[in-house]
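Read the structure below first, then the notes.
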Amino acid sequence: MRKLENSELERKSIEAFKESKKTPIILVLDDIRSLHNIGSVFRTADAFLIEKIYLCGITATPPNKEIHKTALGATETVTWEHNNDVLTVLKNLKKDNITTLAIEQVESAVFLQDFKIEKDKKYALVFGNEVYGVSQEAVALCDGSIEIPQLGTKHSLNISVSAGIVVWELFKQFNN
Numbered sequence: 001m002r003k004l005e006n007s008e009l010e011r012k013s014i015e016a017f018k019e020s021k022k023t024p025i026i027l028v029l030d031d032i033r034s035l036h037n038i039g040s041v042f043r044t045a046d047a048f049l050i051e052k053i054y055l056c057g058i059t060a061t062p063p064n065k066e067i068h069k070t071a072l073g074a075t076e077t078v079t080w081e082h083n084n085d086v087l088t089v090l091k092n093l094k095k096d097n098i099t100t101l102a103i104e105q106v107e108s109a110v111f112l113q114d115f116k117i118e119k120d121k122k123y124a125l126v127f128g129n130e131v132y133g134v135s136q137e138a139v140a141l142c143d144g145s146i147e148i149p150q151l152g153t154k155h156s157l158n159i160s161v162s163a164g165i166v167v168w169e170l171f172k173q174f175n176n
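According to full-length UniProt numbering, numbering within the sequence shown proceeds without interruption in unit steps and concludes at 176.
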C-alpha cells in the first residue's frame, strides 16, 4: 500500500467546485467562538459539497488568519453569508421550504442513526455555541432536532466534530 500524492487525488479547482451540483445541506453556525471550529466546518463543507454556510451572531467571518489555518482555502470555495440574527436566518430558510434541524439534545430529538432524509428536500443544520449549544429560541423555530448519541461521561462534542459526523451521515443518505 502506498500513500497517494496530492497530485493524484484529482481534486476540483475552485471554479469546478463552484459549478458542481451541491449537496442540499446548509449549515447554520450560531455564536461560534472558536475560529478553528469555524475553519474546520468550512473544510468539512468543502469536502462534501455543502451548499452554503450561514455565520450568525458573534461567529467570525473570513477573511481571518485563524479561520484560514483550519479552513485551508475552503472559505474561497464554500458560499457563506453573515447575519447577526439566527432567528431571521431560520425564518427565511423556512419561507424557502428548507427543513431546519437543530443539532441538539432536546425533547423528542431523533437520534442521528434513526434520522432518514427525504431526497427531494433541502436541510439546514443548526449548530450552536460551544458552551450553550443551540439557543432555546432557535430550537423552537426549527422543524426538528437531531441528537448524536453519546455513551461516555461527557454530554457534548466539539462543534466541528458534530458538524462532521452529521454532515457525513446525511451526505451518505443523499448519495445512496
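Using N, Cα and C, we set each Cβ at its ideal position, and we do this for glycine too.
Inter-residue distance for V134 and I103 is about 7 Å (C-alpha atoms, whole angstroms).
Boundaries of the beta strand (DSSP E) around H82: W80 to N83. Look at E51 here: in three-state DSSP terms it is strand. Annotation for G128: no alpha helix (DSSP H) segment contains it, and DSSP assigns it neither H nor E. The beta carbons of V126 and A140 sit no closer together than 9 Å. Between I67 and E130, the C-beta gap is not smaller than 9 Å, which leaves the two residues out of contact. DSSP, reduced to helix, strand and coil, places E169 within a helical segment of the structure shown. The criterion of a C-beta distance shorter than 9 Å is satisfied by L27 and I53. Around the C-beta of V167, 16 or more other C-beta atoms lie within 10 Å, and the residue is accordingly described as buried. With contacts defined by Cβ atoms closer than 9 Å, D143 and T100 form a contacting pair. Less than 9 Å separates the beta-carbon of A71 from that of S40. Within the model, the alpha-carbon separation for P149 versus G73 is close to 31 Å.
Rounded to the nearest whole angstrom, the C-alpha separation of A60 and N84 is 11 Å. By the neighbour-count definition (other C-beta atoms within 10 Å, threshold 16), N37 is a buried residue.
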